[in-house]
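The structure under discussion appears below in the form of structure tokens.
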Amino acid sequence: MPAKVSDTYSIRSDADVVAARQAVRARAVELRFSLVDQTKIVTAASELARNTLVYGGGGSMRIEVVERPPRTGLRMVFEDSGPGIADVEQALRDGYTSGGGLGLGLGGSRRLLDEMEIVSAAGQGTRITGTKWK
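Residue numbers (our numbering): 142 to 275.
Below you can see the structure in the form of structure tokens.
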């Protein structure tokens with residue numbers, strides 16, 4: 142079991158996105174997720190951290206180890222105070238993009254994780270909570 146149960150990281154630059162991704166990978170390895178699940182978790186974290194920076198204007202990521210016996214999970218919470226997501230369901234649809242990207246970020250991240258919750262309102266920021274269970 143990891144010594145720390147929760148860690149918080151600032152996401153204000155590209156370097157912070159890389160650091161967030163590395164922190165998630167380290168925690169997934171520490172929790173002994175399979176290589177496939179590590180890749181899924183890190184990919185989702187990378188997408189969500191990038192969205193926090195690009196669309197939310199920066200924010201934070203919290204990594205938590207969660208227990209729901211007999212399972213252990215890794216939960217990531219991304220928060221920003223940006224413009225928010227006006228239509229969450231639309232943003233989750235494959236192919237949707239508010240920028241010039243491929244539109245795979247939120248929907249793809251949701252498929253890579255076991256649980257994902259998005260709380261957002263226009264002008265009020267966004268909180269995305271994603272969990273992968275072992």
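Virtual Cβ for every residue (Gly too), placed ideally from N, Cα, C.
For D221, the enclosing beta strand (DSSP E) starts and ends at 212 to 221.
The shortest C-alpha to C-alpha distance from L254 to any of E208, G264, S261, W274 is the one to W274.
Collapsing the DSSP output to three states places I182 in a helix. Between S250 and E205, the C-beta spacing is not below 8 Å.
Within its own chain, the residues whose Cβ lies closer than 6 Å to the Cβ of A262, once the five positions on either side in sequence are excluded, are G225, listed in chain order. Within the segment 145 to 182, complete beta strand (DSSP E) segments of at least 3 residues are found at 147 to 152, given in chain order. Contact between V229 and R216 does not hold, since the beta-carbon distance rounds to 19 Å and is not under 8 Å. Beta-bridge partners of V206 (DSSP): L215.
Going by beta carbons, T149 and R191 fall outside the 8 Å limit. One thing to note: T270 has its Cβ within 8 Å of the Cβ of V218.
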